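**Q** Before we start, here is the structure in question, set down as structure tokens.
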Amino acid sequence: MAMLKVGFLFAVAFLAAVAMFMGAVMMITSLQNGAISISYTSGGRSIDETVMRAADGARFWRLFWMMGVLPMALGALACWLSVRKLRAD
110 MAMLKVGFLF
120 AVAFLAAVAM
130 FMGAVMMITS
140 LQNGAISISY
150 TSGGRSIDET
160 VMRAADGARF
170 WRLFWMMGVL
180 PMALGALACW
190 LSVRKLRAD
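Numbers given in my numbering equal positions in the sequence shown, counted from 1, plus 109.
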């Protein structure tokens, strides 16, 4: 049971580090380019969209926070909690 717990906490820390890295990359590239490109499906068809900071500033900053800052903050919190739990046990 202890090995399962250690494995789970290590997996959480790893996935949190991946989320922090992806958030950092998204923030750096979107600030350099001034645009965020997103793709999603709606009604069975693929939709590609580019949100530019100059054209739609409010939506750009909302996506910047949701796709960049939020994954970094939540990933850092999850990583910190899992490492803290690993050290405590």
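Backbone N, C-alpha and C fix where the C-beta goes; we use that ideal spot for every residue, glycine too.
Keep in mind the model is a prediction, meaning the values are calculated, not measured.
Helix, strand or coil: how does DSSP classify R193 here?
**A** Reduced to three states, the DSSP call for R193 is helix.
**Q** Do V160 and F173 have their beta-carbon atoms positioned less than 7 angstroms apart in this structure?
**A** Their beta carbons are not under 7 angstroms apart, which means F173 does not touch V160 by this criterion.
**Q** Assuming A200 and C188 make a contact with CB atoms under 8 angstroms, what is their CB distance in whole Å?
**A** Outside the displayed span of the chain (110 to 198) sits residue 200, for which this structure offers no information.
**Q** Do the CB positions of G132 and M181 come within less than 7 angstroms of each other?
**A** Result yes, Cβ atoms of G132 and M181 sit closer than 7 angstroms.
**Q** Indicate whether M135 and G184 have their beta-carbon atoms separated by less than 7 angstroms.
**A** Not closer than 7 angstroms, so no.
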